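First the structure, in the form of structure tokens, and then the observations on it.
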Amino acid sequence: MRISSALLALAALALPVALAAQAPDGWQVPRTSDGRPDLQGNWSNATMTPIQRPAGAGKVLTPEEVAEIEGGRQQFIQENSQDSDPDRGAPAVGGEFTGNALFDAASGGTGGYNLFYIDAGDRVAVYNGEPRSSLVTIPDNGRVPALTDAGRARAREVALARGEHDQYDNPENRPLAERCMLSFGSNAGPPMLPNYFYNNNYTIVQTPDHVMIMTEMVHDTRIIPFGEKPAVSEDYRPWFGVSWAHWDGDTLVIETTNISPEQLRAYGQVFAGGVGNPTITERLTRVGPQSLNYEFLVEDPETYTGTWGGEVPFVWMPERVYEYACHEANYALFNVLSGARAQERQDSGNDPDRE
Amino acid sequence: MTHRPPARRRAFGNAAVTALFAAVMVSVSCEAQSADGARGDIPRTAAGKPDFNGIWQAMGNAYWDIEPHLARPALAMQDGPVVPVPANDVLAMGAVGSVPSGYGVVVGGKIPYLPEALERRNENRENWLDRDPEIKCYLPGVPRANYMHMPFQIFQSDSKFFIAYEYAGATRDILFEDPGAPEVDSWMGQSYGYWEGDTFVIEVTGQLDQTWFDRAGNHHGWQLKVTERWTMLGPDHLMYEATMEDPDTYSEPWTIRMPLYRNIDPNARLGQFKCVPFVEELMYGELRKNPIRKP
Amino acid sequence: MISKKKIAVFGVVAGALTLAVTGQVIAHHAFGAEFDRDAPIRLEGEIVRLEWVNPHSWIHMRVQGEDGDEIWMVEGGTPNVLLRRGLRRDCLTPGTPIIVDGYQAKDHSLKRANGRDVTFTDGTKIFMGSSGTGAPDDAERLRQRQERGRC
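Chains as they are written, first to last, in this note's numbering: chain H, 38 to 392; chain Z, 207 to 501; chain W, 249 to 399.
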């Protein structure tokens, strides 16, 4: 795809803008009344940078690479904002496929809905001034390590269990996000990662005793007390796990274990199908008026052949986080299940509704 | 104007007792005075505001029915040979499904419904199984969220006031600047809060008309405005007041008032009640490939 | 004729160095499971009601069918994104004529479709998207659209 010089110039402007998110000279971190760095407010981790590093990319993107990526997104946005033909007909029977595997998988060839509902992030992730090719930075190749034998065995069990029912047989066979139980993508986590579509927003509240992090989708709260690891049994596995926090200088450190196995299974892109009981360590440091550095580490030697982790820039969001009620108006789940039943009736010749 | 519950008058018929009382009063400084049920110093934040941080829960049975009421056999009834009996759908619950009595939290006793709204309330009761949003694990709205049978936790700093509810993981982030009319309707509404002395006042607008006040069919319309007043009485008690205004539904504003109690158990933590999967059989069971309930 | 690429869709641009999401994107649900690729539709009619809800907004519209008026529900995206961009539900009023192309729900007893492309009768998109260049640009673009009575 050719990028016009105008777009290159535009994208070249983008880089200094991103760098401006770094702290101005003399900036000091605002503090709460108990003297701690104030991390409170609304934050977004939306970005174009993927979780894992694409083959052949270096850790830090060159200005040309940034221009191509961000310019490409600009071009895509502009193309899709143009007026449509008012005399357009219905789309093609059999679906309309763009050739982009990811989009086609998400839309199933139906085209989804208009781009104006999307807020996927228009910039690559800039972390400590570096435009990044991936959020994962540990190990050095920017990719989640291979599974151990035990991890692979667990992943196989999960796949087999999934195969017992067809994916449309029961509501329980549908993805957690479609059931409005969690967000798609590891938004609440931990680790807290973007979903590459929309609503990648968080509200952080800080008191002397607790940090509370609410994820916009699905209004999920992580309530994290300061102090020692709570005494919980091995089989106590709540959503988002059991977390405890402490301050390491001006960095907030959150440790988490005991994440619900169902949650781990749901985030295949992050947890590779293995279940285990990872220890997640998160480090949050406010580095500028609009910048929060977020590091995470995943330790699960039973499941992975190595520790892995990454760095995600969180950007101050001046707008509001709105209610994402989800279950209360979940027509989509009804439509999917009733559609599957209608399809079965049609396939068995028993469908009175088919024209 | 700060809300102050009425002072309790004390009568002392004995000079010695009076002297003893005076001595005690002098020695205990800063004791919260005049508030009914005061239990000592109100905790304060570094900025001097009453500190609501912690886990709170209502006692009493307001969540069943906020008006005064006697115990009832069940929330869904059917005609019986002699008296109404629990409906088939709830029969197996036995006394677990019975409604306990309640002394009521509505100031004045009765909600001042307009005639049509009262009819609708009564229809809600007769069709409780179909209509109560709690059954479907829908978000509870305000004020119901504050006196459910599950606690909530307040996170308060100098710049934030956030309430996390155990039931359905409902949340409220109280805005400190008046955003004006809500841009969109929501289940938990838009909350704008400010201090009046030591009382935190929250104005809640923009709630959908689908939430109830309790399990007894008490309802509201789109115009509902709720004004809450949160006042600490002591370290472990607060008085919660909510005034409802909705000219489409009520002939005048009306108020509920009840204490809320801090959970002082050092092991207490807010639980998770993400109930959406609990109601999938109820809501989607008929759409299974092989339904387990026969029609 | 408008090329297919220009019909508004969501997704990530493919390209030599474009960093598409690697690994499996778990979209919150599969549109292909909800809507029937073999049942394309084109609807022209008036807005009756906007359901500004999550996980998907819905536009209810009145369409003239063979046997009289039909009410169709058209699926959109999350309103939260639009709200943050400064758009308000009230700017799209009942009675406004719109054109929708998409695919009908797999359960054909339901008059529901995905709003693959939803426009006014002159082809303009019903809502303003992000410019991708930042909030001040977006505010100005929105102001200009609002001058024309648009969201």
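All C-beta atoms, glycine included, are put in the ideal place defined by N, C-alpha and C.
Quick caveat, the model's predicted, so the values are computed rather than measured.
Cutting at 6 Å between CB atoms, please list the residues of its own chain near residue i, excluding the five before and the five after it.
i, result
"ILE369 of chain Z", "PHE358, ILE360 and ARG378"
"LEU152 of chain H", "ASN117"
"THR251 of chain Z", "ASP257"
"ASP452 of chain Z", "HIS426, GLY427, GLN429 and LEU430"
"GLY313 of chain H", "ASP337, GLU339 and THR340"
"TYR205 of chain H", "ALA377"
"ALA225 of chain H", "THR252, ASP257 and PHE277"
"CYS339 of chain W", "CYS399"
Under 7 Å Cβ to Cβ from residue i, same chain only, skipping five residues before and after it: list those, please.
i, result
"PRO208 of chain H", "ARG216, LEU370 and LEU374"
"GLU336 of chain H", "PRO315, THR316 and THR344"
"PRO279 of chain Z", "VAL291, PRO292 and SER304"
"ARG180 of chain H", "GLN89, ARG90 and VAL173"
"GLU383 of chain Z", "none"
"ASN259 of chain Z", "ILE360, PHE361 and GLN362"
"PRO182 of chain H", "PRO176, TYR341, THR342, GLY343 and TRP345"
"PRO245 of chain H", "ASP71"
"SER251 of chain W", "Residue confidence for SER251 of chain W is low, a pLDDT of 34 falling below 50, so the modelled location carries little weight and cannot support an answer."
"VAL242 of chain H", "GLN77 and MET249"
Given residue i, which residues of its chain have a CB within under 8 Å of its CB, disregarding the five upstream and five downstream residues?
i, result
"GLN115 of chain H", "none"
"ARG302 of chain H", "VAL195, PHE308, GLY310 and VAL312"
"ASP384 of chain H", "none"
"CYS343 of chain Z", "ALA374, CYS481, VAL482, PHE484 and VAL485"
"TYR304 of chain H", "GLY222 and SER223"
"LYS253 of chain W", "Model confidence at LYS253 of chain W stands at a pLDDT of 34, short of 50, so the residue's coordinates are unreliable and nothing is read from them."
"ASN302 of chain W", "THR326, PRO327 and ASN328"
Hey, would you say residue i sits closer than 8 Å to residue j, going by beta carbons?
i, j, result
"THR437 of chain Z", "MET445 of chain Z", "yes"
"MET321 of chain W", "TRP306 of chain W", "yes"
"TYR456 of chain Z", "ILE261 of chain Z", "no"
"VAL324 of chain H", "ALA60 of chain H", "yes"
"TYR233 of chain H", "ALA157 of chain H", "yes"
"GLY380 of chain W", "ARG110 of chain H", "yes"
"TYR361 of chain H", "MET218 of chain H", "no"
"VAL288 of chain Z", "ARG337 of chain W", "no"
"VAL302 of chain Z", "TRP460 of chain Z", "no"
"THR372 of chain W", "ASP120 of chain H", "yes"
"ASP363 of chain W", "GLY324 of chain W", "Before going further, note that residue 363 of chain W is Gly rather than Asp in the sequence given. Yes, the Cβ-Cβ distance between GLY363 of chain W and GLY324 of chain W is below 8 Å."
"PHE479 of chain Z", "MET356 of chain Z", "yes"
"VAL348 of chain Z", "GLY423 of chain Z", "no"
"TRP284 of chain H", "ARG73 of chain H", "yes"
"GLY278 of chain H", "ILE296 of chain H", "yes"
"GLU167 of chain H", "VAL97 of chain H", "yes"
Just to make sure I have the definition right: I need the residues of chain W whose C-beta is within less than 9 Å of the C-beta of residue i. Which are they?
i, result
"VAL432 of chain Z", "Result: empty, since nearest Cβ-Cβ is about 21 Å, beyond 9 Å."
"VAL352 of chain H", "Those do not exist, as VAL352 of chain H stays about 12 Å from chain W at its closest Cβ, beyond 9 Å."
Taking 8 Å as the threshold (beta carbon to beta carbon), is residue i in contact with chain A?
i, result
"LEU374 of chain H", "Protein chains H, Z and W are contained in the structure displayed, whereas chain A is not."
In chain Z, which residues lie less than 9 Å from residue i when you measure between Cβ atoms?
i, result
"MET254 of chain H", "Those within 9 Å of MET254 of chain H in chain Z number zero; the least Cβ separation is about 12 Å."
"LEU331 of chain W", "GLU389 and VAL390"
Chain H partners of residue i, CB-CB under 9 Å?
i, result
"ILE319 of chain W", "What ILE319 of chain W touches in chain H: nothing, since even the nearest Cβ is about 14 Å away."
"GLN503 of chain Z", "Only positions 207 to 501 of chain Z appear in the structure, and residue 503 of chain Z is not among them; the question remains open."
"ASP338 of chain Z", "The contacting residues do not exist; ASP338 of chain Z stays about 14 Å from chain H at best."
Can you pull the chain H neighbours of residue i, defined as C-beta to C-beta under 8 Å?
i, result
"VAL301 of chain W", "ALA362, GLU365 and ALA366"
"THR367 of chain W", "ASP120, SER121 and PRO123"
"ARG396 of chain W", "Ordered by position in chain H, no residue passes the 8 Å Cβ test against ARG396 of chain W, which lies about 13 Å from the chain."
Residues of chain Z with CB under 8 Å from residue i, in chain order?
i, result
"ARG337 of chain W", "GLU389 and VAL390"
"PRO327 of chain W", "VAL390"
Report the neighbours of residue i on chain H: residues whose CB is nearer than 7 Å to its CB, in chain order.
i, result
"GLU372 of chain Z", "Neighbours of GLU372 of chain Z on chain H: none; closest Cβ ~10 Å, over 7 Å."
"ASP385 of chain W", "None at all; the shortest Cβ gap to chain H is about 11 Å."
"ILE347 of chain W", "PRO123"
Could you list which residues in chain W have their beta carbon closer than 8 Å to that of residue i, in chain order?
i, result
"PRO100 of chain H", "Within chain W, no residue comes near PRO100 of chain H; the closest Cβ sits about 12 Å away, beyond 8 Å."
| Is it true that the stretch 410-417 of chain Z meets the stretch 261-272 of chain Z, where meeting means three or more beta-carbon pairs spaced less than 8 Å apart? | The count of Cβ pairs closer than 8 Å, one atom from the stretch 410-417 of chain Z and one from the stretch 261-272 of chain Z, stays below three, leaving the stretches out of contact.
| request: Examine the Cβ distances between the stretch 326-336 of chain Z and the stretch 337-356 of chain H and report whether three or more of them are shorter than 8 Å. | output: Contact fails: fewer than three Cβ-Cβ distances are below 8 Å.
| field | Contiguous beta strand (DSSP E) assignments of at least 3 residues, all confined to the stretch 181-231 of chain H | value | If we require 3 residues or more, the stretch 181-231 of chain H turns out to have no beta strand (DSSP E) run fully inside it.
| task | Assess, as a yes-or-no matter, whether the stretch 141-149 of chain H is touched by the stretch 283-290 of chain W under the definition of 3 or more beta carbon pairs within less than 8 Å. | result | Taking a cut-off of 8 Å on C-beta distances, the stretch 283-290 of chain W touches the stretch 141-149 of chain H, as three or more cross pairs fall below it.
| task | List in chain order: all unbroken beta strand (DSSP E) runs of 3+ residues lying wholly within the stretch 319-398 of chain Z. | result | Complete beta strand (DSSP E) runs here, min 3: 358-362, 367-371 and 377-379.
| field | Every unbroken beta strand (DSSP E) inside the stretch 283-308 of chain W [3 residues or more] | value | Fully enclosed beta strand (DSSP E) runs of 3 or longer: 283-299.
| task | Examine the Cβ distances between the stretch 362-376 of chain Z and the stretch 244-258 of chain H and report whether three or more of them are shorter than 8 Å. | result | They touch, by the three-pair rule.
| Taking three-plus beta-carbon pairs below 8 Å as touching, is the stretch 335-353 of chain Z in contact with the stretch 318-326 of chain Z? | With the cut-off at 8 Å, the stretch 335-353 of chain Z and the stretch 318-326 of chain Z do not touch.
| query | In chain order, which alpha helix (DSSP H) runs of at least 4 residues are fully inside the stretch 257-306 of chain Z? | reply | Runs of the alpha helix (DSSP H) inside the stretch 257-306 of chain Z: 294-297.
| said: Quick check on the DSSP output: what are the complete alpha helix (DSSP H) runs of length 4 or more inside the stretch 251-311 of chain H, in order along the chain? | reply: Listed in chain order, the complete alpha helix (DSSP H) runs (minimum 4 residues) inside the stretch 251-311 of chain H are 298-303 and 305-308.
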